[in-house]
Amino acid sequence: MSDAPERTMTDANVGKESAGASHQKTTTKAKRDELLLEIKDLKKYFPIRGGVFSRVVANVKAVEDMNFTINRGEVVGLVGESGSGKTTAGRAILRLIEPTAGEILFDGVDVAKLSKSKLREYRRKMQIIFQDPFASLNPRMSVGDIIGEALTIHNLARGKAKEARVADLLERVGMSPGHMRRYPHEFSGGQRQRIGIARALAVDPDFIVADEPVSALDVSIQAQVVNLLQDLKDELGLTMLFIAHDLGVVEYISDKVIVMYLGRIMEIAPAKELYRNPVHPYTEALLSAVPIPDPTVKRDRVILQGDIPSPINPPSGCVFRTRCPIATEDCAHVVPQLEQVGDDPQHFKACIHR
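Under the working numbering, the first residue of the sequence shown carries the number 801, and numbering increases by one thereafter.
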């Protein structure tokens, strides 16, 4: 394990002035009102096979009828319990796993219908930061080779230009260019996640899926990595889908939040509005479990009964009804659609009682 200390977030700006123009994002490029990603009726089923002929006997319905949009320069948080389908949705959007149905419109192009040769071009525009900062790094490759691999694949830089680019990326994420000769096992968890972030930034992407990038880290290191992502968002105008369990982290970094349960979206709202005025009972339950760093402030806890149902055989009607404190008989027969909350054009909920 490396003895090198984790850098502070002010150190993440070291070498900013020396950054190459090839990966600079201007503020004009990241217009908040410019649509970048639109998801329409996205579904992802995993078939379960059985019998002598391995026929499909059932499906794991991981993602069901998912619809949302992300604008340029926007960070959208995706939250929900384990088993809600968050990671599956993120990977399906990038086509790391093939979606079962739906449209993934990236800059107006349906990524779900691209051929393998065309998809390779879009791989450069869409990148991912994996949850596990150790398993996602090849232990037999040096840090320089890990970060520089995409530069070679996409013919962006070679030789000294590639080495200079890797050194700049390491400085950008708060590490030393000298680290490029070392291997993943020589670094701490936080440093490995910084390497993963540098790898994602290497090809100057327009969109990043951050799949629970801090859940495997210590609390103190989580803050450093989240602050780093926040700095990179402001500096490069990053557009990001930030998947997480910790609603406190999501509130800090996100512009908009999507609440997901058993493959379906329960609520979508701007981050401040969602935390101030949650509408869906599931959102209320999640927020009631967020700790408040003030012992004098008491919050009414909403305790959900039971566990999340199996996605193989989800409940009829509203999938949340088996654990919902306000569920009625009607909830078993009606699949609630996302509807606008009041006069707010950015706030949507999927509940027939709210």
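The C-beta atom is built at its ideal place from N, Cα and C for all residues, glycine as well. If you're wondering where the values come from, they're calculated on a predicted model, not measured in any experiment.
For residue i and residue j, what's the separation of their Cα atoms in angstroms?
i        : j        : result
Pro-1115 : Val-1050 : 28 Å
Met-1060 : Lys-960  : 45 Å
Phe-987  : Glu-1012 : 20 Å
Phe-868  : Val-911  : 15 Å
Phe-934  : Asn-871  : 31 Å
Ile-839  : Asp-932  : 26 Å
Thr-828  : Asp-1034 : Since pLDDT at Thr-828 reaches only 42, below the 50 mark, its modelled position is unreliable, and the value read off the structure follows with that caveat. Going from the Cα of Thr-828 to the Cα of Asp-1034 covers about 12 Å.
Glu-864  : Asp-841  : 7 Å
Val-1025 : Arg-891  : 21 Å
Val-1102 : Pro-1091 : 13 Å
Ile-1058 : Ile-1068 : 5 Å
Gly-1063 : Glu-963  : 42 Å
Glu-806  : Ala-1016 : Any answer about Glu-806 is weak, because its pLDDT of 43 lies below 50 and its placement is not dependable; what the coordinates show is given next. In a straight line, the C-alpha of Glu-806 is about 16 Å away from that of Ala-1016.
Ser-936  : Asp-1143 : 44 Å
Val-1134 : Cys-1124 : 14 Å
Val-1003 : Glu-949  : 10 Å
Arg-981  : Pro-1093 : 42 Å
Pro-1070 : Ala-862  : 25 Å
Gly-902  : Glu-881  : 23 Å
Asp-1130 : Val-973  : 51 Å
Gln-1146 : Val-1119 : 23 Å
Leu-1074 : Asp-833  : 20 Å
Counting only beta-carbon separations shorter than 8 Å, does residue i have a partner in chain C?
i       : result
Arg-940 : This model lacks chain C altogether, as it is built from one protein chain only.
Taking C-beta to C-beta, are residue i and residue j nearer than 8 Å?
i        : j        : result
Arg-965  : Leu-951  : yes
Ile-946  : Ala-1000 : no
Phe-1007 : Lys-925  : yes
Arg-992  : Pro-984  : yes
Ala-998  : Leu-969  : yes
Ile-848  : Ile-1108 : no
Gln-1022 : Val-1014 : yes
Lys-1072 : Glu-874  : no
Ile-904  : Ile-893  : yes
What residue from the options has the CA that sits closest to residue i's CA?
i        : options                              : result
Leu-836  : Gly-1063, Gly-1037, Ile-1108         : Gly-1037
Ile-1152 : Leu-970, Val-1141, Gln-1146          : Val-1141
Glu-1139 : His-1080, Thr-887, Gln-1030, Arg-924 : His-1080
Arg-1076 : Asp-1006, Leu-1087, Tyr-1082         : Leu-1087
Lys-1156 : Asn-938, Arg-895, Leu-937, Ser-936   : Residue 1156 is absent from the structure shown; the chain starts at 801 and stops at 1154.
Val-876  : Val-1097, Arg-1121, Ile-1043         : Ile-1043
Ala-1132 : Ile-1126, Pro-1125, Arg-1121         : Arg-1121
Leu-1047 : Thr-1083, Asp-1031, Leu-1032         : Thr-1083
Ala-1085 : Gln-1137, Pro-1093, Asp-1100         : Asp-1100
Asp-1031 : His-1045, Ser-1054, Asp-1018         : Ser-1054
Thr-888  : Phe-906, Met-866, Ser-854, Gly-978   : Met-866
Gly-883  : Ser-1110, Gln-927, Pro-1070          : Ser-1110
Met-1066 : Pro-1145, Pro-1078, Gln-927          : Pro-1078
Pro-1005 : Pro-977, Met-975, Leu-1041           : Leu-1041
Ser-942  : Gly-978, Glu-1129, Ala-901           : Gly-978
Asn-1098 : Gly-1106, Gln-1105, Ala-1089         : In the sequence as displayed, the identity of residue 1098 is Lys instead of Asn. Answer by Cα proximity: Ala-1089.
Gly-989  : Arg-1154, Ser-1020, Tyr-1052         : Ser-1020
Arg-923  : Asn-938, Pro-899, Ile-953            : Ile-953
Gln-927  : Phe-1148, Asp-833, Phe-906, Ser-976  : Phe-906
Thr-900  : Lys-843, Thr-1096, Met-975, Gly-996  : Lys-843
Leu-956  : Glu-921, Ser-976, Asp-1018           : Glu-921
What is the C-beta distance between residue i and residue j, in whole angstroms, given that I count them as a contact (C-beta under 8 Å)?
i        : j        : result
Tyr-845  : Val-860  : 7 Å
Pro-1136 : Ala-1150 : 4 Å
**Message:** If we require 3 or more residues per run, which beta strand (DSSP E) segments fall completely within the segment 1067-1144?
**Reply:** The segment 1067-1144 is shown to contain whole beta strand (DSSP E) runs of 3 or more residues at 1139-1141, in chain order.
**Segments assigned beta strand (DSSP E), at least 3 residues, entirely inside the segment 921-964** = 926-929
**Prompt:** Can you list the beta strand (DSSP E) stretches of 3 or more residues lying completely in the segment 984-1021, in chain order?
**Reply:** You should have 1007-1011.
**Contiguous alpha helix (DSSP H) assignments of at least 4 residues, all confined to the segment 1024-1074** = With a minimum length of 4 residues, the continuous alpha helix (DSSP H) runs that stay inside the segment 1024-1074 are 1047-1053.
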